[in-house]
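Peer 1:
Residue numbers (the numbering used here): 188 to 236.
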């Protein structure tokens, strides 16, 4: 199961990357990963019903 803290950590990492001058690629990668985590969480939730 995925907890909100995981999403928060990913968001903070994306902000860190942007602040460090990582460019647009790292925040986009973090958003993609967060989307994958959300999709996996939804799949698990559907299975448990």
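Heads up, the beta-carbon is just placed ideally off N, CA and C, and yes, glycines get one too.
How long is the line joining the alpha carbons of residue 198 and residue 217, rounded to whole angstroms?
Peer 2: As a first step, residue 198 is located in the chain shown; it is residue number 11 there, counting from the start. As a first step, residue 217 is located in the chain shown; it is residue number 30 there, counting from the start. Cα to Cα, the separation comes out at about 7 Å.
Peer 1: Helix, strand or coil for residue 236, going by three-state DSSP, please let me know.
Peer 2: Sequence index remark: in the chain shown, residue 236 carries index 49 (1-based). In this structure, residue 236 counts as coil in the three-state DSSP scheme.
Peer 1: Which whole-angstrom value is the C-beta distance of residue 194 and residue 226, which I expect to be below 8 Å?
Peer 2: Counting from 1 along the chain shown, the entry for residue 194 is found at position 7. Counting from 1 along the chain shown, the entry for residue 226 is found at position 39. About 13 Å separates the two Cβ atoms, so there is no contact after all.
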